[in-house]
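Q: Following this message is one structure expressed as structure tokens.
Numbering (the working numbering), first residue to last: 544 to 799.
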């Protein structure tokens with residue numbers, strides 16, 4: 544499917560359940576949902592498909608506060624039961640698509656990570672010995688190891704001790720949030736590592752492809768979607784999944 548194809552032709556082929564979210568066939572947003580939880584979101588401009596986004600209807604939610612940005616992105620803070628921030632991400636909003644940049648929100652977000660590159664480890668020990676864990680460790684500072692203060696004869700502080708690689712589980716770093724806070728633009732990319740709680744194989748009737756739906760802990764509950772052919776082996780509970788992902792989110796109040 545390309546931007547040169549007529550919207551009505553492509554949408555007719557996508558699914559008979561393709562429904563409008565905003566606008567009309569000339570300029571609008573349409574979504575085609577599958578019983579597997581997978582979905583395709585179509586942006587239509589001048590009766591042509593401008594863009595197609597993948598999505599997944601995650602059922603696991605996390606408490607969050609967020610601010611919407613242009614192009615259906617949002618900067619979100621994820622919170623635990625005590626209201627403490629446990630993660631931050633720039634997410635692609637896939638529900639509540641009538642985007643209003645600058646609008647703030649608070650509530651439950653259904654968050655999913657769509658795999659771009661995946662690593663699978665037998666457990667925490669094999670993960671701790673990986674290059675990925677060492678890279679994450681170099682980006683972390685152990686909370687019990689403060690940076691060494693500047694000595695009188697020194698001009699710069701001694702670099703803080705990196706975190707033990709084993710202590711980087713779980714890890715969630717939103718490169719999109721880093722980009723937003725650096726005023727370099729929004730995107731929904733992230734890197735993560737977390738322990739698998741459950742994994743189930745789904746079949747997408749929209750594309751004919753099988754994919755894994757994995758529930759994991761990355762510091763907060765997260766649903767991860769990985770194409771069957773992209774998974775090194777069958778995922779199991781207590782294994783560790785890591786890699787690069789695109790983070791999508793739906794405001795459950797708007798998508799109910």
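Where is the CB? At the ideal position from N, CA and C, for every residue including glycine.
Among the candidates 590, 751, 739, whose CA atom is the shortest distance from the CA of residue 666?
A: Locating residue 666 in the chain shown gives position 123, where the first residue counts as 1. Of 590, 751, 739, the residue nearest in Cα terms is 739.
Q: Indicate the three-state DSSP secondary structure (helix, strand or coil) for residue 657 in the structure shown.
A: As a first step, residue 657 is located in the chain shown; it is residue number 114 there, counting from the start. Note: residue 657 maps to strand in three-state DSSP.
Q: For residue 603, which residues from the same chain have a beta carbon less than 8 Å from its beta carbon, with the 5 sequence-adjacent residues on both sides left out?
A: Mapped onto the chain shown, residue 603 falls at position 60. Cβ within range, chain order: 653, 654, 758, 764, 765, 766.
Q: Please classify residue 669 as buried or exposed, where buried requires at least 16 other C-beta atoms within 10 Å of its C-beta.
A: Residue numbering aside, residue 669 sits at position 126 when the chain shown is read from its first letter. It is exposed - the Cβ of residue 669 has fewer than 16 other Cβ atoms within 10 Å.
Q: Judging by CA-CA distance, which residue of 660, 646, 734 is the nearest neighbour of residue 775?
A: As a first step, residue 775 must be located in the chain shown, where it is residue number 232. When each option's Cα is compared against that of residue 775, the closest is 660.
Q: Near residue 779, what residues of its chain come up, given a Cβ to Cβ distance below 8 Å and the 5 sequence neighbours on each side ignored?
A: As a first step, residue 779 must be located in the chain shown, where it is residue number 236. 739, 742.
Q: Considering only the beta carbon of each residue, do residue 734 and residue 633 sit closer than 9 Å?
A: Here residue 734 is taken as the residue at index 191 of the chain shown, counted from 1. Here residue 633 is taken as the residue at index 90 of the chain shown, counted from 1. For residue 734 and residue 633, no; Cβs fall outside 9 Å.
Q: Helix, strand or coil: which one does DSSP assign to residue 608?
A: If you number the chain shown from 1, residue 608 lands on position 65. In this structure, residue 608 counts as strand in the three-state DSSP scheme.
Q: Quick check: the Cα distance between residue 747 and residue 572, rounded to an integer number of angstroms?
A: By 1-based counting over the chain shown, the position of residue 747 is 204. By 1-based counting over the chain shown, the position of residue 572 is 29. Those two C-alpha atoms are separated by around 21 Å.
Q: I'd like to know whether the C-beta atoms of residue 680 and residue 707 end up nearer to each other than 9 Å.
A: Residue 680 sits at position 137 when you count from the first residue of the chain shown. Residue 707 sits at position 164 when you count from the first residue of the chain shown. In this structure, residue 707 lies closer than 9 Å to residue 680 by Cβ.
Q: When DSSP labels each residue in this structure, what does residue 677 get in the three-state scheme?
A: Residue 677 sits at position 134 when you count from the first residue of the chain shown. Residue 677: helix per DSSP, three-state reduction.
Q: Would you kindly report the start and end of the unbroken beta strand (DSSP E) that includes residue 671?
A: Counted from its first residue, the chain shown places residue 671 at position 128. Counting along the chain, residue 671 falls outside any beta strand (DSSP E), though it belongs to the alpha helix (DSSP H) covering 667 to 671.
Q: Within 10 angstroms of the Cβ of residue 744, are there 16 or more other Cβ atoms? Answer buried if so, exposed if not.
A: For the purposes of this step, residue 744 is taken as the residue at position 201 of the chain shown. The residue in question, residue 744, is exposed, as its Cβ has fewer than 16 Cβ neighbours within 10 Å.
Q: My output table needs one value for residue 750: the three-state DSSP class, helix, strand or coil.
A: Counted from its first residue, the chain shown places residue 750 at position 207. Three-state DSSP puts residue 750 in coil, outside helix and strand.
Q: Mapping DSSP to helix, strand and coil, what is residue 764?
A: Along the chain shown, one-based indexing puts residue 764 at 221. DSSP places residue 764 in strand when its eight states are reduced to three.
Q: For residue 792, does the three-state DSSP call read helix, strand or coil?
A: To locate residue 792, count along the chain shown from 1; it is residue 249. In the structure shown, residue 792 sits in a strand (DSSP, three-state: E or B).
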